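Residues 134 to 475 (the numbering used here) make up the sequence shown, in order. See below for the structure under consideration.
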Amino acid sequence: MRPFIAREVTLRRSRLGVAGLFAVLSLVLGACGPELGPIWPMSSVPPVNLPETSDPAVVRLGSDYFIYGSDNHLRAPVTKLTDPTQVLSLDQKNAVTTEAMPAKPPWSPRLDQLWAPTVAQFDAKWVMFFSADRANPPQPWNPTCIGRAWADSPLGPFVAEAAPWTCGIGEVGGALDPEVFRDPSGRTYLLAAFGDTLEPIRGIELDGNANPIGGWNIVLGRRHPWEYHFIENPSMMFDPLRGNYVLAYSAGRWFEAGYATGIARCSTPLGPCTSHRPGPWISSRNGRSGTGGLSFFSDTAGNPWAIFSSFPSGRETTIGGRSASVVPIVLSPMVSAGPVIK
Numbered sequence: 134m135r136p137f138i139a140r141e142v143t144l145r146r147s148r149l150g151v152a153g154l155f156a157v158l159s160l161v162l163g164a165c166g167p168e169l170g171p172i173w174p175m176s177s178v179p180p181v182n183l184p185e186t187s188d189p190a191v192v193r194l195g196s197d198y199f200i201y202g203s204d205n206h207l208r209a210p211v212t213k214l215t216d217p218t219q220v221l222s223l224d225q226k227n228a229v230t231t232e233a234m235p236a237k238p239p240w241s242p243r244l245d246q247l248w249a250p251t252v253a254q255f256d257a258k259w260v261m262f263f264s265a266d267r268a269n270p271p272q273p274w275n276p277t278c279i280g281r282a283w284a285d286s287p288l289g290p291f292v293a294e295a296a297p298w299t300c301g302i303g304e305v306g307g308a309l310d311p312e313v314f315r316d317p318s319g320r321t322y323l324l325a326a327f328g329d330t331l332e333p334i335r336g337i338e339l340d341g342n343a344n345p346i347g348g349w350n351i352v353l354g355r356r357h358p359w360e361y362h363f364i365e366n367p368s369m370m371f372d373p374l375r376g377n378y379v380l381a382y383s384a385g386r387w388f389e390a391g392y393a394t395g396i397a398r399c400s401t402p403l404g405p406c407t408s409h410r411p412g413p414w415i416s417s418r419n420g421r422s423g424t425g426g427l428s429f430f431s432d433t434a435g436n437p438w439a440i441f442s443s444f445p446s447g448r449e450t451t452i453g454g455r456s457a458s459v460v461p462i463v464l465s466p467m468v469s470a471g472p473v474i475k
C-alpha cells in the first residue's frame, strides 16, 4: 500500500476508454485460471483487534504470533501475541509491540516511511522484505522499492541491505507490498505489486537464501471495473480441498473508502488466476472503510485465518487511523471470511 502522492494519472489511460481498457486487459491478463467457485463476500467488517496497525502480516513460530505492520511511531512495528484473536486497546498493544528495524534502510532518505513488511525464516536467519522510497527515482511518481533485511530472531533487530532488492521492471517503475508464501512442498515465493497504474501483481520463486530463481511472472492484473487504480497487497494460501491456491489482493486507492479486498483462485503460486468479477470480497461496511492489506496465516491447528486493516468511515486520510481485524477463513462450501451466514 503506497503513500499518497498527488499526481495526474489520466495520461496513462488508453484512448479506448475505461470499458475498452478493461476488455483489453481481460484478454491480455485473463489466461486460463481455475474455476473460482462460490464466493461469500463479507457482510460486515468485524471489530478491530489491533489499533493503529496497517498492512499487517503474521508469522507463527510454535504458539507465538508475530504481527508486523507499516510504520507508526515505530519502524516496522512487531506485536508478539499468543492469541491473535484477542481485542487489545492501544495501550495494551503498545505494551507488547517493539521496533523490528531500529535503523532505517541506508538507501531510503526518509526516517518514517517503511511499510508492508513480510517476514519468513530461511535456514537459521529471518528475512524481512519491505517497501520504502528511494532517493531520486527515475520516475518521481514511482519512488517505491522493495528492500531486504536480516535478523537472528523474528523480533529483530532486522538490518537492511545497502541497496534495494528490486525497484520494479527494469529497476525503473517501482515495486511495493511484498509477501512471502510457501507452498505445501516447501517451495518459497515472493509476491509483489509493481508500479505504474496498470501493472499487475507479479511473483518470483526464491531459493533457500531468499534469492530469486528465474524472473518475475505475471500473477494477476486488473480485470474488472471495480478494481480501479492500484492493484496491490497480494497474499496467498493453499486450498487443500481443491488442490490450488487462493489469492487476496487490494484494489483502489488506499486513502479512499472504495479501497477493497478482492479474491482470486490460482492454479499455481505464479498463476494463472481467476478473480471475482461481481465485486470485492471484503469492502466498506458498518462504520469501517478502506478494507485492504489482507494477509493470510494459520493457527497451531493449521486452520486458516486472515488479518486486514481498515479506517473508521470518514477518516480515510488520517495518519494512524488504520487498525487491524482478524477473521477465520472458511474454504467450504464457499470461500468466506468469518462464518458463512445464509
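Cβ coordinates follow ideal geometry from the N, Cα and C atoms, glycine included. All values reported here derive from a predicted model rather than from experimental measurement.
Item: Segment contact flag, the segment 217-230 with the segment 243-253, C-beta cutoff 8 Å, min 3 pairs; Value: no
Item: Whether residue 445 touches residue 420 by CB criterion (8 Å); Value: yes
Item: Which of helix, strand or coil DSSP assigns to residue 365; Value: strand
Item: Buried versus exposed, by CB contacts within 10 Å (16 or more), residue 342; Value: exposed
Item: Rounded distance between the beta-carbons of residue 183 and residue 212, thought under 8 Å; Value: 6 Å
Item: Helix, strand or coil at residue 237 according to DSSP, with G and I counted as helix; Value: coil
Item: Residue 228 (DSSP reduced to helix, strand or coil); Value: helix
Item: Reduced DSSP category for residue 478 - H, G, I as helix; E, B as strand; rest coil; Value: Shown here, the chain extends from 134 to 475; a query on residue 478 therefore has no answer.
Item: Distance, residue 375 Cα to residue 363 Cα; Value: 29 Å
Item: Minimum C-alpha distance to residue 463 - residue among 371, 224, 278; Value: 371
Item: Beta strand (DSSP E) segment containing residue 438, residue limits; Value: 437-445
Item: Cβ separation of residue 167 and residue 400, assumed to be a contact under 8 Å, to the nearest whole Å; Value: 5 Å
Item: Residue 369 vs residue 289 beta-carbon contact at 8 Å; Value: no
Item: Rounded straight-line distance, which links the Cα of residue 468 to that of residue 173; Value: 6 Å
Item: heavy atom of the ligand FAD below 7 Å from residue 351 C-beta; Value: This structure simply doesn't include the ligand FAD, nor any ligand for that matter.
Item: Status (buried if at least 16 other CB within 10 Å, exposed otherwise) for residue 323; Value: buried
Item: Straight-line gap, residue 287 to residue 312 (C-alpha atoms, nearest Å); Value: 15 Å
Item: Within the segment 318-395, ranges of the beta strand (DSSP E) (whole runs, at least 3 residues); Value: 321-327, 334-339, 345-353, 363-372, 377-385
Item: Residue 169 in three-state terms, based on DSSP; Value: coil
Item: Alpha-carbon spacing of residue 110 relative to residue 244, whole angstroms; Value: Any property of residue 110 remains undetermined from this structure, which presents the chain solely from 134 to 475.
Item: Nearest-angstrom Cβ-Cβ length linking residue 429 and residue 381, presumed shorter than 8 Å; Value: 7 Å
Item: Backbone CA spacing between residue 224 and residue 348 [nearest angstrom]; Value: 44 Å
Item: Delimiting residues of the beta strand (DSSP E) encompassing residue 452; Value: Note, residue 452: premise wrong, no beta strand (DSSP E); not H, not E.
Item: For residue 263, the residue or residues it bridges with in DSSP; Value: 280
Item: C-beta atoms of residue 253 and residue 299 nearer than 8 Å; Value: no
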